[in-house]
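Undergrad: Structure provided below as structure tokens; questions to follow.
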Amino acid sequence: MDGTTREAQISAAFVTVAETLTAEHDMVDVLHTFVERCAEIVRMDAGGLVLVDDAGDLQLMTSTSEAAVMLESVQLADAAGPCIECFRTGEAVAINDISTSAAWPEFCSTAVDQGFNSLLSIPMKVHGRVIGTMNLFRAASEAVSSRDAAVAQALADVATIGITHERALHQAQVVEEQLQNALNSRIAIEQAKGVIANGLSLNMDDAFVLLRKYSRDCNLTLRAASEMVSRREITVQHIVAAATRG
Amino acid sequence: MTISLKAIMLSNPEVSATPAPADDCLCSPFATTLNVTGVAISVIDEYGNQSTVCVNGRLAARLDALQFELGEGPARQALSSRSPVLWPDLDQASETGWPVFQNAARELGVRGVFSFPLVLGNAVVGAVNLSTTTPHVADADFVSNAQSMANDVALAAVEWALRAAQGHSSPESEQSPALRREVHQATGIIISQLGLSAPDAFARLQAHAFSTGRPIDDVARDIVTRVLEFDPVTE
Numbered sequence: 003m004d005g006t007t008r009e010a011q012i013s014a015a016f017v018t019v020a021e022t023l024t025a026e027h028d029m030v031d032v033l034h035t036f037v038e039r040c041a042e043i044v045r046m047d048a049g050g051l052v053l054v055d056d057a058g059d060l061q062l063m064t065s066t067s068e069a070a071v072m073l074e075s076v077q078l079a080d081a082a083g084p085c086i087e088c089f090r091t092g093e094a095v096a097i098n099d100i101s102t103s104a105a106w107p108e109f110c111s112t113a114v115d116q117g118f119n120s121l122l123s124i125p126m127k128v129h130g131r132v133i134g135t136m137n138l139f140r141a142a143s144e145a146v147s148s149r150d151a152a153v154a155q156a157l158a159d160v161a162t163i164g165i166t167h168e169r170a171l172h173q174a175q176v177v178e179e180q181l182q183n184a185l186n187s188r189i190a191i192e193q194a195k196g197v198i199a200n201g202l203s204l205n206m207d208d209a210f211v212l213l214r215k216y217s218r219d220c221n222l223t224l225r226a227a228s229e230m231v232s233r234r235e236i237t238v239q240h241i242v243a244a245a246t247r248g
Numbered sequence: 013m014t015i016s017l018k019a020i021m022l023s024n025p026e027v028s029a030t031p032a033p034a035d036d037c038l039c040s041p042f043a044t045t046l047n048v049t050g051v052a053i054s055v056i057d058e059y060g061n062q063s064t065v066c067v068n069g070r071l072a073a074r075l076d077a078l079q080f081e082l083g084e085g086p087a088r089q090a091l092s093s094r095s096p097v098l099w100p101d102l103d104q105a106s107e108t109g110w111p112v113f114q115n116a117a118r119e120l121g122v123r124g125v126f127s128f129p130l131v132l133g134n135a136v137v138g139a140v141n142l143s144t145t146t147p148h149v150a151d152a153d154f155v156s157n158a159q160s161m162a163n164d165v166a167l168a169a170v171e172w173a174l175r176a177a178q179g180h181s182s183p184e185s186e187q188s189p190a191l192r193r194e195v196h197q198a199t200g201i202i203i204s205q206l207g208l209s210a211p212d213a214f215a216r217l218q219a220h221a222f223s224t225g226r227p228i229d230d231v232a233r234d235i236v237t238r239v240l241e242f243d244p245v246t247e
């Protein structure tokens, strides 16, 4: 591959990653494309990406082949291997000849069985915190040049921004939906209390007790029962009848 | 964070997450840093449901309530435009887009009003409202400081509003009206008295407050305490 084509490829990979920062894409799809591009650019044959989840566990997000899945899985299962090492230390790990490596025998024999003889693990960091690793595998036993390692790290850094951004957005969306739900529920409940209080000449607290009893007896959420009351789909007489029955 | 509203409501609501009374802790940095008189932070949804997170005094409380009562004002505009709304001097302002609020604010002695959207992820979830009793220059520094402070409090404001809405009896007062429970209770009473839908009942409440020139919270309290009754025959 000549230098110009390679530079163009690198730029294109940056653009692909950067686009995901603004557009709404499926994160797993984006990561898959990203790892494929990275492997291509640094002339590796397969790759995978693991990210830490909310519970603090590493999860395999994507991989370019079944053989790569196998290599990630064996490391996640044993909590040992170059990717795990990279995740723990936050430093890139390179193995130029897996067949002669003394470290992680379990992983190394799997790798050789699957036809891989060298690898590069790149940390994905946010403000110094490692959120995952990108792992690239090659059939030939061959040292990764420092330039290739730097390019892979730069690409991983851009992807990390995208992942962080997407996670923050998702979290914000969850909180916003919870808020919307909570506001709507609360408003419906207060309205229903008013309807019941007026219809039965009760105070608000007693109206609430009746509303809650009704919702429980009928296996309705408090919000659902409240909305039925405030929309006058059920009458207060109906609520009283249900309450005195139970 | 996952919260099952059902679980919270069905557990003992009296002891469920009751937020501390809204104080001005989220508001005070705005007042000091930006040198403004009134600060109010409200979470408002697309339907105009409003939960007041904090106000730093009576003026800010009244301005916040006015926007809720009238359904118009700079906060709503900041919400729909997703950008800051800046009126350095209401006495000199024309075509604000909210004439009734403008007059009401001027009667309270307010000159400058500024609303900054509270942005959480992709969503605008409310506004930070600033007011001054003298004309106030909104230069680039003022705007960028205020917006960045608004961004910083967005999550805390939403979390506060979330807890306030989930508690069955969170404390509310003139200075920390939160969700205005009595307004929604009064709406329920009007639904029952006049046989109206909830939006229509709320509109009647709003109209009554507007026509009598009283704060909607006061009218709601009179309805809840049965001092005021809407009679289907005379109404």
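Just so you know, the protein sequences line up as chains Y and R, in that order.
Per this note's numbering, residue 3 is the first one in the first sequence, and the count goes up by one each step.
Per this note's numbering, residue 13 is the first one in the second sequence, and the count goes up by one each step.
We put the CB at the ideal spot given by N, CA and C, even for glycine.
These numbers were taken from a predicted model, which means no experiment stands behind them.
Evaluate contact between the segment 37–56 of chain Y and the segment 148–167 of chain Y, counting only Cβ atoms and requiring at least three cross-stretch pairs below 8 Å.
TA: With a cut-off of 8 Å, the segment 148–167 of chain Y and the segment 37–56 of chain Y count as touching, because enough Cβ pairs lie within range.
Undergrad: Find the residues of chain Y that neighbour R/G83, judging by a C-beta separation of less than 9 Å, and give them in chain order.
TA: The sequence position of residue 83 of chain R within the second sequence is 71, counting from 1. Simply none; closest approach about 15 Å.
Undergrad: Spatial neighbours of Y/R39 within its chain, please: C-beta separation below 7 Å, excluding the five flanking residues on both sides.
TA: Translated into positions along the first sequence, residue 39 of chain Y becomes position 37. For Y/R39, where only same-chain residues beyond five positions count, the Cβ hits under 7 Å are A15, T18.
Undergrad: Rounded to the nearest angstrom, what separates R/L240 and R/V137 at their Cα positions?
TA: Here residue 240 of chain R refers to the residue found at position 228 of the second sequence. Here residue 137 of chain R refers to the residue found at position 125 of the second sequence. Cα to Cα, R/L240 sits roughly 34 Å from R/V137.
Undergrad: Under the assumption that R/A116 contacts R/I56 (Cβ atoms under 8 Å), give the Cβ distance between them as a whole number of angstroms.
TA: If you number the second sequence from 1, residue 116 of chain R lands on position 104. If you number the second sequence from 1, residue 56 of chain R lands on position 44. Rounded, the Cβ-Cβ distance is 18 Å, inconsistent with contact.
Undergrad: Return no unless some Cβ of chain R is closer than 8 Å to the Cβ of Y/R247.
TA: Translated into the one-based positions of the first sequence, residue 247 of chain Y becomes position 245. For Y/R247, the answer is no, since every Cβ of chain R falls outside 8 Å of its Cβ.
Undergrad: Between Y/F210, Y/S148, Y/E87, which has its C-alpha nearest Y/G134's C-alpha?
TA: On the first sequence, position 132 is the one that residue 134 of chain Y refers to. Measuring from the Cα of Y/G134, the nearest candidate turns out to be Y/E87.
Undergrad: Taking only beta-carbon atoms, is R/M21 less than 8 Å away from chain Y?
TA: Counting from 1 along the second sequence, the entry for residue 21 of chain R is found at position 9. Confidence is the limiting factor: at R/M21 the pLDDT is only 30, short of 50, which leaves the residue's position unreliable, though a coordinate-based value still follows. Cβ-Cβ to chain Y under 8 Å: yes for R/M21.
Undergrad: For Y/N205, which three-state DSSP category applies?
TA: The residue given as residue 205 of chain Y occupies position 203 in the first sequence. Coil at Y/N205, not helix or strand.
Undergrad: Within 8 Å (strictly less), CB to CB, does R/D57 reach chain Y?
TA: Position 45 of the second sequence, counted from the start, is the residue given in the question as residue 57 of chain R. Cβ-Cβ to chain Y under 8 Å: yes for R/D57.
Undergrad: Count the other CB atoms, across all protein chains shown, that sit within 10 Å of the CB of R/M21; report buried if there are 16 or more and exposed otherwise.
TA: Position 9 of the second sequence, counting from 1, holds the residue named residue 21 of chain R. Residue placement at R/M21 is poorly supported in this model, since its pLDDT is 30, which falls under 50; the coordinates still yield a value, given next. Looking at its Cβ environment, which holds 16 or more other Cβ atoms inside 10 Å, R/M21 is buried.
Undergrad: If you measure between the beta carbons of R/A73 and R/A52, is that distance less than 8 Å?
TA: Numbered from its first residue, the second sequence carries residue 73 of chain R at position 61. Numbered from its first residue, the second sequence carries residue 52 of chain R at position 40. Against a cut-off of 8 Å, the Cβ pair of R/A52 and R/A73 comes out as a contact.
Undergrad: At what residues does the beta strand (DSSP E) containing R/F242 begin and finish?
TA: Translated into the one-based positions of the second sequence, residue 242 of chain R becomes position 230. Looking at the DSSP string, R/F242 is not in any beta strand (DSSP E), and its letter there is neither H nor E.
Undergrad: Is there at least one Cβ from chain Y nearer than 8 Å to R/P33's Cβ?
TA: Here residue 33 of chain R refers to the residue found at position 21 when the second sequence is read from its first residue. Low confidence applies here, because R/P33 scores a pLDDT of 43, under 50, leaving its location unreliable and the question unanswered by this model.
Undergrad: Is the distance from the Cβ of Y/I97 to the Cβ of Y/P107 below 8 Å?
TA: Mapped onto the first sequence, residue 97 of chain Y falls at position 95. Mapped onto the first sequence, residue 107 of chain Y falls at position 105. Their beta carbons are not under 8 Å apart, which means Y/I97 does not touch Y/P107 by this criterion.
Undergrad: Is the CB of R/H193 under 8 Å away from at least one CB in chain Y?
TA: The residue you call residue 193 of chain R lines up with position 181 of the second sequence. A small fix is needed here, since residue 193 of chain R is Arg in this sequence, not His. Closer than 8 Å: yes.
Undergrad: Less than 8 Å between CB atoms is the rule here; does R/V231 satisfy it with respect to chain Y?
TA: The residue given as residue 231 of chain R occupies position 219 in the second sequence. So no, R/V231 is outside the interface.
Undergrad: Around the Cβ of Y/N137, are there at least 16 other Cβ atoms within 10 angstroms (buried) or fewer (exposed)?
TA: Taking the first sequence and counting its residues from 1, the one referred to as residue 137 of chain Y is at position 135. Buried.
Undergrad: Is DSSP giving R/R233 helix, strand or coil here?
TA: As a first step, residue 233 of chain R must be located in the second sequence, where it is residue number 221. Helix at R/R233.
Undergrad: Against chain R, does Y/T91 count as a neighbour if the rule is that its beta carbon must be under 8 Å from one of theirs?
TA: Residue numbering aside, residue 91 of chain Y sits at position 89 when the first sequence is read from its first letter. Cβ-Cβ to chain R under 8 Å: no for Y/T91.
Undergrad: Give a yes or no on whether 8 Å exceeds the smallest Cβ distance from Y/M2 to chain R.
TA: A question about residue 2 of chain Y goes unanswered here, because the residues of chain Y that appear run from 3 up to 248.
Undergrad: What would DSSP say about Y/M46, mapped onto helix, strand or coil?
TA: Within the first sequence, residue 46 of chain Y is the residue found at index 44, counting from 1. Three-state result, Y/M46: coil.
Undergrad: Skipping 5 residues on each side, what residues in its chain have a beta carbon closer than 6 Å to that of Y/A209?
TA: Residue 209 of chain Y sits at position 207 when you count from the first residue of the first sequence. Excluding sequence neighbours, Y/A209 sits near K195, I198, A199.
Undergrad: Against R/V48, what residues of chain Y qualify as contacts under a CB-to-CB distance less than 7 Å, listed in chain order?
TA: Translated into the one-based positions of the second sequence, residue 48 of chain R becomes position 36. None at all; the shortest Cβ gap to chain Y is about 26 Å.
Undergrad: May I have the straight-line CA-CA distance separating Y/I189 from Y/T223, to the nearest angstrom?
TA: Position 187 of the first sequence, counting from 1, holds the residue named residue 189 of chain Y. Position 221 of the first sequence, counting from 1, holds the residue named residue 223 of chain Y. Whole-angstrom Cα-Cα distance: 14 Å.
Undergrad: Does DSSP classify Y/N119 as helix, strand or coil?
TA: Residue 119 of chain Y sits at position 117 when you count from the first residue of the first sequence. Coil, per DSSP.
Undergrad: If we count Cβ pairs, one from each stretch, closer than 8 Å, do we get three or more for the segment 221–241 of chain R versus the segment 184–201 of chain R?
TA: Because the criterion of three Cβ pairs below 8 Å is met, the segment 221–241 of chain R and the segment 184–201 of chain R touch.
Undergrad: Suppose you measure from the CA of Y/G164 to the CA of Y/M29; what does that come to, to the nearest Å?
TA: Your numbering for residue 164 of chain Y matches position 162 in the first sequence. Your numbering for residue 29 of chain Y matches position 27 in the first sequence. Cα-Cα distance, rounded: 9 Å.
Undergrad: Nearest chain Y C-beta to R/H220 closer than 8 Å, yes or no?
TA: Reading the second sequence from its first residue, position 208 is the one you call residue 220 of chain R. Chain Y contact via Cβ: absent.
Undergrad: With a Cβ-Cβ cutoff of 8 Å, do Y/A82 and Y/F118 count as a contact?
TA: Locating residue 82 of chain Y in the first sequence gives position 80, counting from the first residue. Locating residue 118 of chain Y in the first sequence gives position 116, counting from the first residue. Going by C-beta atoms, Y/A82 is not nearer than 8 Å to Y/F118.
Undergrad: Can you find a CB in chain R that lies within less than 8 Å of the CB of Y/Q182?
TA: For the purposes of this step, residue 182 of chain Y is identified with residue 180 of the first sequence, where counting begins at 1. Interface residue, yes.
Undergrad: Using the Cβ count rule (16 or more neighbours within 10 Å means buried), how would you classify Y/V192?
TA: Your numbering for residue 192 of chain Y matches position 190 in the first sequence. What sits at residue 192 of chain Y in the sequence shown is Glu, not Val. Its Cβ being crowded by 16 or more others within 10 Å, Y/E192 is buried.
Undergrad: On a Cα-Cα basis, can you pick out the residue from R/D76, R/S106, R/A169, R/P100 that is closest to R/R192?
TA: The residue given as residue 192 of chain R occupies position 180 in the second sequence. For the residues R/D76, R/S106, R/A169, R/P100, the minimum Cα distance to R/R192 belongs to R/D76.
Undergrad: Determine, for Y/V76, whether the minimum Cβ-Cβ distance to residues of chain R falls below 8 Å.
TA: Within the first sequence, numbered from 1, the residue matching residue 76 of chain Y stands at position 74. Cβ-Cβ to chain R under 8 Å: no for Y/V76.
Undergrad: Could you give the distance in angstroms between the alpha-carbon of Y/S120 and the alpha-carbon of R/M161?
TA: Position 118 of the first sequence, counted from the start, is the residue given in the question as residue 120 of chain Y. Position 149 of the second sequence, counted from the start, is the residue given in the question as residue 161 of chain R. Roughly 49 Å between the two C-alpha positions.
Undergrad: What does the Cβ neighbour count give for R/A177, buried or exposed, with the cut at 16 atoms within 10 Å?
TA: Counted from its first residue, the second sequence places residue 177 of chain R at position 165. Buried, because 16 or more other Cβ atoms sit within 10 Å of the Cβ of R/A177.
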